[in-house]
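Quick note: the sequence shown uses the working numbering, first residue 353, plus one each step.
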Amino acid sequence: MHVNDAQFLIGATKPEHFPAATTLPEVAFIGRSNVGKSSLINSIVRRKNLAHVSGTPGKTQQINFFGVNHQWMLVDCPGFGYAKVSQTERKAWKSLMHQYLHEREQLRMVCQLIDIRHDPSDLDMAMIEELELATRRYVLVLTKKDKISPTAAAERKAQLTEATQYCAGCIDILPYSVVTNDTRDNLWAMLKRECSL
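Structure (structure tokens):
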């Protein structure tokens, strides 16, 4: 998939900030803080700095909307689980995310990112349950696969496959590396299919 145009459109801290005058299908990227959401978005569109990559976990504090080829929106959501975020901020983000995941008509697919090096956390599993409750279709993207062996990556994928075997919304489980980009085309194929349904 060739990306001719990709640009930041708006950052939303309240539901009323969500882009209203558009029917473009949206793909959201969610996951724990520092799991690599911004890096993944940059990898997908082959831009180094479209989504801001920070070394500070919890830096993304709004839902950021990016337009791609005037056909789709890629949506970078605040990371969850970072301890230094205040309870007030965490509650506000949770409410914002709940409204986006459960009520946003344009949302066609969710990419939930999980660090392939570690067992999925309770928060990761809770988010899968949230996506099921919201009846969303989603892909589990296992990031940083270049940091472990192919055998270990296959074992992690098998673990998540078993954990989600009864999940209705899980489309696929995809190990991914922003260093090699070797499964980029696989993710684009899913995005194109889901957004054309």
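The C-beta atom is built at its ideal place from N, Cα and C for all residues, glycine as well.
Here the structure is a predicted model, which is why all the values come from computation and not from measurement.
Just so you know, the alpha carbons of F360 and V397 end up roughly 12 Å apart. Judged by DSSP secondary structure, P527 falls within the beta strand (DSSP E) whose first and last residues are C522 to P527.
In chain order, K496, K499 and I500 place their CB closer than 7 Å to the CB of R469, counting only its own chain and leaving out the 5 sequence neighbours on each side. The DSSP-derived three-state label of V531 is coil. Annotated as proximal: I415 and Y452, with beta-carbon spacing under 8 Å. Ranked by how close their Cα comes to the Cα of E484, the residues D534, T503, S385 and Y518 have Y518 in first place.
Take C463, set aside five residues on each side of it, and the residues of its chain with a beta-carbon closer than 6 Å to its own are F381, V491 and V493, in chain order.
Here the alpha carbons of Y528 and A372 stand approximately 32 Å from one another. Of L512, R536, T374 and E368, the smallest CA-CA separation from G419 is found for T374. In the three-state scheme derived from DSSP, where H, G and I count as helix and E and B as strand, C463 is classed as strand.
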